[in-house]
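Residue 3 is where the sequence shown starts when you use the numbering used here, and the numbers rise one by one after that. Everything on this sheet refers to the single structure shown next.
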Amino acid sequence: MILKDQITNIFVQVDDFCKEFDSQIKQMKLQTLGDHKKRRNRKSVMSDSEIITIMIGFHLGAHKTFKHYYKQIV
């Protein structure tokens, strides 16, 4: 499959983007809106790059539902 062949390339590009985006956000020191809300401090198991890559793969694939895609591909 073409998607399975390109998934590593997609991940590398997404990971580079996420690293650059995070550095830009830290550089600008943007304040979050609504600081009065509770925030979780727990780190997620998957990185943002992995989650975005899975979503891109779903949208590029021919699966009708995300559940079907996740069970077969991921």
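Positions of the beta carbon are idealized from the N, C-alpha and C atoms, including for glycine. On a predicted model such as this, the values are computed, not experimentally measured, just so you know.
Between which two residues does the alpha helix (DSSP H) harbouring H61 extend?
-> It spans 50 to 62 - the alpha helix (DSSP H) in which H61 sits, taken as one unbroken run.
Under the assumption that S51 contacts D17 (Cβ atoms under 8 Å), give the Cβ distance between them as a whole number of angstroms.
-> Their Cβ separation, rounded to whole angstroms, is 4 Å, which keeps S51 and D17 in contact under 8 Å.
Would you mind stating whether I27 and T55 have Cβ atoms separated by less than 8 Å?
-> No, the Cβ-Cβ distance between I27 and T55 is not below 8 Å.
Grab me the residues of F68's own chain with a C-beta within less than 7 Å of its C-beta, minus the 5 sequence neighbours each way, in chain order.
-> So the list reads F60, once near-sequence residues are dropped.
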